[in-house]
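The next block holds one structure in the form of structure tokens; read it before the comments.
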Amino acid sequence: MRGLLCWPLPVLLFLLQPWETLSQFAGPRCRTGPLDLVFVIDSSRSVRPFEFETMRQFLVGLLRGLDVGPNATRVGVIQYSSQVQSVFPLGAFSRREDMERAIRALVPLAQGTMTGLAIQYAMNVAFSVAEGARPPEARVPRIAVIVTDGRPQDRVAEVAAQARARGIEIYAVGVQRADVGSLRAMASPPLDEHVFLVESFNLIQEFGQQFRGRLCGKDLCAEGRHGCQHQCVSTPGTFRCACNPGYQLAEDNKSCLAIDHCGFGNHSCQHECVSTFGGPRCRCREGHDLLPDGRSCQARDLCNGVDHGCEFQCVSEGLSYRCLCPEGQQLQADGKSCNHGCREGHVDLVLLVDGSKSVRPQNFELVKRFVNQIVDFLDVSPEGTRVGLVQFSSRVRTEFPLGRYGTAAEVKQAVLAVEYMERGTMTGLALRHMVEHSFSEAQGARPRALNVPRVGLVFTDGRSQDDISVWARRAKEEGIVMYAVGVGKAVEEELRQIASEPAELHVSYSPDFGTMTHLLENLRGSICPEEGIGAGTELRSLCECESLVEFQGRTLGALEKLTQNLAQLTARLEDLENQLATQK
Numbered sequence: 144m145r146g147l148l149c150w151p152l153p154v155l156l157f158l159l160q161p162w163e164t165l166s167q168f169a170g171p172r173c174r175t176g177p178l179d180l181v182f183v184i185d186s187s188r189s190v191r192p193f194e195f196e197t198m199r200q201f202l203v204g205l206l207r208g209l210d211v212g213p214n215a216t217r218v219g220v221i222q223y224s225s226q227v228q229s230v231f232p233l234g235a236f237s238r239r240e241d242m243e244r245a246i247r248a249l250v251p252l253a254q255g256t257m258t259g260l261a262i263q264y265a266m267n268v269a270f271s272v273a274e275g276a277r278p279p280e281a282r283v284p285r286i287a288v289i290v291t292d293g294r295p296q297d298r299v300a301e302v303a304a305q306a307r308a309r310g311i312e313i314y315a316v317g318v319q320r321a322d323v324g325s326l327r328a329m330a331s332p333p334l335d336e337h338v339f340l341v342e343s344f345n346l347i348q349e350f351g352q353q354f355r356g357r358l359c360g361k362d363l364c365a366e367g368r369h370g371c372q373h374q375c376v377s378t379p380g381t382f383r384c385a386c387n388p389g390y391q392l393a394e395d396n397k398s399c400l401a402i403d404h405c406g407f408g409n410h411s412c413q414h415e416c417v418s419t420f421g422g423p424r425c426r427c428r429e430g431h432d433l434l435p436d437g438r439s440c441q442a443r444d445l446c447n448g449v450d451h452g453c454e455f456q457c458v459s460e461g462l463s464y465r466c467l468c469p470e471g472q473q474l475q476a477d478g479k480s481c482n483h484g485c486r487e488g489h490v491d492l493v494l495l496v497d498g499s500k501s502v503r504p505q506n507f508e509l510v511k512r513f514v515n516q517i518v519d520f521l522d523v524s525p526e527g528t529r530v531g532l533v534q535f536s537s538r539v540r541t542e543f544p545l546g547r548y549g550t551a552a553e554v555k556q557a558v559l560a561v562e563y564m565e566r567g568t569m570t571g572l573a574l575r576h577m578v579e580h581s582f583s584e585a586q587g588a589r590p591r592a593l594n595v596p597r598v599g600l601v602f603t604d605g606r607s608q609d610d611i612s613v614w615a616r617r618a619k620e621e622g623i624v625m626y627a628v629g630v631g632k633a634v635e636e637e638l639r640q641i642a643s644e645p646a647e648l649h650v651s652y653s654p655d656f657g658t659m660t661h662l663l664e665n666l667r668g669s670i671c672p673e674e675g676i677g678a679g680t681e682l683r684s685l686c687e688c689e690s691l692v693e694f695q696g697r698t699l700g701a702l703e704k705l706t707q708n709l710a711q712l713t714a715r716l717e718d719l720e721n722q723l724a725t726q727k
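Under the numbering used here, the sequence shown has 245 at position 102, and the numbering climbs by one with no breaks.
Laid out in structure tokens, this is it:
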């Protein structure tokens with residue numbers, strides 16, 4: 144398409160009309176059936192004010208072409224830059240007027256372009272039942288429309304694939320400077336139906352017309368070949384059958400059953416009664432088997448009767464089962480695999496935890512639980528990984544130094560005992576304390592001559608109230624590998640300033656405290672010595688006294704074993720000589 148400045152003046156005036164004027168050509172409202180639709184809008188600093196206003200008018204016009212309502216199309220809007228903000232969730236409004244009012248009050252964030260973070264928020268939060276989305280069993284289509292004008296500053300392919308795997312259909316709309324490769328990585332297949340690229344925000348209505356055309360496709364119910372006994376309900380590209388009140392859908396998903404045999408109350412089923420064409424049938428709850436009398440149920444050993452998938456041991460517990468791991472190993476998030484922990488190398492790890500007022504007490508407890516989950520995958524011991532904890536707000540407090548605790552259990556107990564400080568956020572002061580004190584030998588850090596990696600992990604939820612640049616740089620100059628974990632309103636620029644390079648491997652972010660456990664696997668892959676920075680680190684010098692004694696003991700043991708083997712060999716030789724002498 145030609146550049147905007149090359150268009151004739153009449154055409155420019157037409158394109159710059161408010162979307163409400165253009166929407167009069169959109170035709171009647173599109174009746175798609177139930178639909179959960181979330182718009183993910185880029186409001187980064189690269190989107191200029193008049194362009195953002197055009198996008199606002201685009202949203203208002205598109206809403207006016209949809210059949211909006213609690214039982215029809217539910218609409219949610221989120222905007223993003225370096226952070227994600229919910230403008231209104233799916234369940235907030237049922238009237239189009241309320242949605243338009245919220246869109247007109249929208250103020251752009253004007254920061255970075257964290258598109259991957261926005262997709263993750265849409266997947267985990269915006270499309271949740273708590274936010275107003277219909278539950279998965281309702282089979283209501285979920286559609287996300289991402290509108291962006293630039294290249295994402297984070298990774299989008301993996302999180303977009305996860306969203307599509309959860310049943311979210313993604314349309315990717317790129318404007319002006321948008322990166323086509325990123326759009327294709329985000330969108331659902333087929334790409335030619337889900338990727339749109341327009342030259343300017345003034346031409347975005349072209350996507351609106353095409354998108355509305357996709358939603359307002361064929362009405363399969365109107366074609367009359369659905370086979371539904373009572374009612375046919377259209378959804379985009381498909382349909383489903385429904386029954387009149389007092390009836391239920393049969394197993395063929397088309398016929399309706401009018402008689403509830405179980406409702407008569409004379410079935411005598413111990414657990415559950417299921418109506419069939421031939422009458423009532425008894426069914427047992429999960430974890431039980433139906434006895435020959437067809438009514439009674441008996442609990443079974445689920446570990447023997449199902450493919451439990453436990454890596455080490457399965458234990459039946461009534462109606463369910465749980466997996467166990469050997470001593471010293473932790474059960475992973477899938478509830479089946481065992482976390483073998485960091486068994487190679489050694490690390491001195493200091494955790495800097497934000498205890499400012501913005502964190503709040505209930506979230507601080509979640510932070511402590513998160514810290515203990517990190518400890519779970521470490522080989523904590525005086526000779527292995529040493530852990531120290533520092534809390535900061537308006538001041539800094541060492542909760543326990545590197546050299547205090549020698550086991551993971553002791554560290555976790557100390558973490559749970561930490562009391563919340565509140566007040567301000569002096570991250571720079573905390574970094575200075577870490578560099579000057581936390582990694583000193585007096586605090587339990589191993590001497591530099593032993594080459595034990597030094598790792599600092601900063602956990603914060605907001606902007607620092609002091610300068611962090613000097614001591615963030617000093618930490619890295621001192622050889623400390625720095626990780627930054629941000630939650631909520633944490634500032635991306637500060638996280639990158641704190642973290643070591645490359646930032647993609649050393650910066651983690653979660654939109655809220657309740658969903659930050661997904662960061663654990665990434666941190667494990669980076670911090671865990673056998674997989675990350677401390678692999679194969681040798682801790683002790685052979686010249687140390689303890690090492691010499693240990694070496695001497697192993698050597699004497701080996702010599703004694705060799706002496707025993709030599710004695711056995713000599714005895715066998717003598718026996719052979721005696722046998723030869725007898726034969727002569």
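Glycine residues also receive a C-beta, built at the ideal position from the N, C-alpha and C atoms. These numbers come from a predicted model, not from an experiment.
May I have the straight-line CA-CA distance separating GLN711 from LEU723, to the nearest angstrom?
Counting from 1 along the sequence shown, the entry for residue 711 is found at position 568. Counting from 1 along the sequence shown, the entry for residue 723 is found at position 580. The alpha-carbon atoms of GLN711 and LEU723 are separated by roughly 19 angstroms.
Sorted by chain position, which residues of the same chain lie with C-beta nearer than 6 angstroms to SER166's C-beta, five sequence neighbours on each side aside?
Taking the first residue of the sequence shown as 1, we reach residue 166 at position 23. For SER166, the predicted model reports a pLDDT of 42, less than 50, meaning its position is unreliable; a value from the coordinates is still stated below. Cβ within range, chain order: GLY204 and ARG207.
Taking the C-alpha atoms as reference points, what is the distance between THR256 and VAL316?
By 1-based counting over the sequence shown, the position of residue 256 is 113. By 1-based counting over the sequence shown, the position of residue 316 is 173. Approximately 15 angstroms between the Cα atoms of the pair.
DSSP three-state label for ALA287, please.
Residue 287 sits at position 144 when you count from the first residue of the sequence shown. Three-state result, ALA287: strand.
Counting C-beta neighbours from all protein chains within 10 Å, is the total for GLU89 16 or more, i.e. buried, or is it exposed?
Since the first residue shown for the chain is 144 and the last is 727, residue 89 is missing from the structure and cannot be characterised.
DSSP puts CYS440 in a beta bridge; with which residues?
Translated into the one-based positions of the sequence shown, residue 440 becomes position 297. Note: CYS440 sits in a beta bridge opposite LEU433.
Let me know the secondary structure DSSP gives VAL530 once reduced to three states.
Taking the first residue of the sequence shown as 1, we reach residue 530 at position 387. In this structure, VAL530 counts as strand in the three-state DSSP scheme.
For GLY549, I'd like the list of residues in its chain whose CB is within less than 8 angstroms of its CB, leaving aside the five on either flank, ordered along the chain.
Position 406 of the sequence shown holds residue 549. These residues qualify, in order along the chain: VAL523, SER524 and PRO525.
Output the distance between the C-alpha atoms of VAL250 and PHE195, rounded to the nearest integer angstrom.
Taking the first residue of the sequence shown as position 1, residue 250 is located at position 107. Taking the first residue of the sequence shown as position 1, residue 195 is located at position 52. So the two alpha carbons sit approximately 9 angstroms from each other.
Near PRO654, which residues of its chain fall below 6 angstroms by C-beta distance, leaving aside the five closest residues on each side in sequence?
Locating residue 654 in the sequence shown gives position 511, where the first residue counts as 1. Only VAL227 and TYR264 meet the Cβ criterion.
Inspect the CB distances between the segment 432-441 and the segment 451-466 and report whether three or more fall short of 8 angstroms.
No, they do not touch.
Do ARG639 and TRP614 have their C-beta atoms closer together than 9 angstroms?
Looking up residue 639 in the sequence shown gives position 496. Looking up residue 614 in the sequence shown gives position 471. No. Outside cutoff.
Report the residue from ASP335, GLN391, ALA281 and ASP322 whose alpha carbon sits nearest the alpha carbon of PHE382.
Numbered from 1 along the sequence shown, position 239 holds the residue referred to as residue 382. Of all alpha-carbon atoms in ASP335, GLN391, ALA281 and ASP322, the one lying nearest the alpha-carbon of PHE382 is that of ALA281.
Whole angstroms are fine: how far does the CA of LEU593 sit from the CA of ARG683?
Numbered from 1 along the sequence shown, position 540 holds the residue referred to as residue 683. Numbered from 1 along the sequence shown, position 450 holds the residue referred to as residue 593. Any answer about ARG683 is weak, because its pLDDT of 41 lies below 50 and its placement is not dependable; what the coordinates show is given next. Using only the alpha carbons, I get a separation of about 7 angstroms.
For THR725 and GLN456, what's the separation of their Cα atoms in angstroms?
Indexing the sequence shown from 1 puts residue 725 at position 582. Indexing the sequence shown from 1 puts residue 456 at position 313. Spanning the two alpha carbons is a distance of roughly 60 angstroms.
Cut-off 7 angstroms between Cβ atoms - residues of its own chain near CYS453, not counting five sequence neighbours on either side
On the sequence shown, residue 453 is found 310 positions in, with the first residue counted as 1. Same-chain partners within the cutoff: CYS466 and LYS479.
Count the other C-beta atoms from every protein chain shown that fall within 10 angstroms of the C-beta of VAL496, then say buried if there are 16 or more, exposed otherwise.
Residue mapping note: residue 496 aligns to position 353 of the sequence shown, counting from 1. Counting Cβ neighbours within 10 Å, VAL496 comes out buried, since at least 16 surround it.
Which class does GLN608 belong to by DSSP, given the choice of helix, strand or coil?
Taking the sequence shown and counting its residues from 1, one reaches residue 608 at position 465. If DSSP states are grouped into helix, strand and coil, GLN608 belongs with coil.
Could you tell me which residues DSSP puts in a beta bridge with SER651?
The residue given as residue 651 occupies position 508 in the sequence shown. SER651 pairs with VAL628.
Assigned exposure category for ARG285 - 16 Cβ within 10 Å defines buried
Working through the sequence shown from its first residue, we reach residue 285 at position 142. ARG285 comes out buried.
Which one of VAL558, PRO177 and ALA304 has the shortest CA to CA distance from CYS375?
Locating residue 375 in the sequence shown gives position 232, where the first residue counts as 1. For CYS375, the nearest C-alpha among the options comes from PRO177.
Buried or exposed for ARG589, going by 16 or more other Cβ atoms inside 10 Å?
Along the sequence shown, read from residue 1 onward, the residue named residue 589 stands at position 446. Buried, since its Cβ has 16 or more Cβ neighbours within 10 Å.
What would DSSP say about GLU460, mapped onto helix, strand or coil?
For the purposes of this step, residue 460 is taken as residue 317 along the sequence shown, with counting starting at 1. Assignment of GLU460 by DSSP, reduced to helix, strand and coil, places it in the strand class.
Inter-residue Cα distance where the pair is SER225 and ALA551:
As a first step, residue 225 must be located in the sequence shown, where it is residue number 82. As a first step, residue 551 must be located in the sequence shown, where it is residue number 408. Spanning the two alpha carbons is a distance of roughly 36 angstroms.
Under the three-state reduction of DSSP, which class applies to GLN319: helix, strand or coil?
Translated into the one-based positions of the sequence shown, residue 319 becomes position 176. Reduced to three states, the DSSP call for GLN319 is coil.
Closest to SER331 by CA distance: which of GLN319, ARG309, GLY370 and GLU342 is it?
For this step, residue 331 is matched to residue 188 along the sequence shown. Out of GLN319, ARG309, GLY370 and GLU342, ARG309 has the C-alpha closest to the C-alpha of SER331.
CA-CA distance, PHE270 and ILE221?
For the purposes of this step, residue 270 is identified with residue 127 of the sequence shown, where counting begins at 1. For the purposes of this step, residue 221 is identified with residue 78 of the sequence shown, where counting begins at 1. Cα-Cα distance, rounded: 11 angstroms.
Is LEU699 helix, strand or coil when you go by DSSP?
In the sequence shown, counting from the first residue as 1, residue 699 sits at position 556. Here LEU699 sits in helix by DSSP.
Let's test the definition: count the other Cβ atoms within 10 Å of the Cβ of ILE641 and tell me whether it reaches 16, buried, or not, exposed.
One-based indexing of the sequence shown puts residue 641 at position 498. ILE641 comes out buried.
Of the residues ARG616, PHE182, ALA276 and LEU492, the one placed nearest ILE246, counting alpha carbons only
On the sequence shown, position 103 is the one that residue 246 refers to. Selected option, being the one with the closest Cα: PHE182.
Please determine, among PRO232, LEU662 and TYR223, the residue with the shortest C-alpha to C-alpha distance to PRO213.
Working through the sequence shown from its first residue, we reach residue 213 at position 70. Taking only the C-alpha atoms, the option nearest PRO213 is PRO232.
Quickly, what does DSSP pair ALA385 with across the bridge? List them, please.
Sequence index remark: in the sequence shown, residue 385 carries index 242 (1-based). DSSP output for ALA385 lists GLN374 as bridge partner(s).
Leaving out five residues before and five after PRO153 in sequence, what residues of the same chain have Cβ atoms less than 8 angstroms from its Cβ?
Residue mapping note: residue 153 aligns to position 10 of the sequence shown, counting from 1. Only weak support is given to the placement of PRO153: the predicted model assigns it a pLDDT of 32, under 50, and the value that follows is read from those uncertain coordinates. Answer for PRO153: no residue qualifies.
Rounded C-alpha distance that separates GLU402 from ALA393
Translated into positions along the sequence shown, residue 402 becomes position 259. Translated into positions along the sequence shown, residue 393 becomes position 250. Inspection of the sequence shows that residue 402 is occupied by Ile rather than by Glu. C-alpha separation (whole angstroms): 11 angstroms.
Using a 10 Å radius around the Cβ and a threshold of 16 neighbouring Cβ atoms, would you call LEU180 buried or exposed?
Reading the sequence shown from its first residue, position 37 is the one you call residue 180. LEU180 comes out buried.
Buried or exposed (CB count within 10 angstroms, at least 16 for buried), LEU326:
The residue labelled residue 326 in the question sits at position 183 within the sequence shown. So LEU326 ends up on the buried side.
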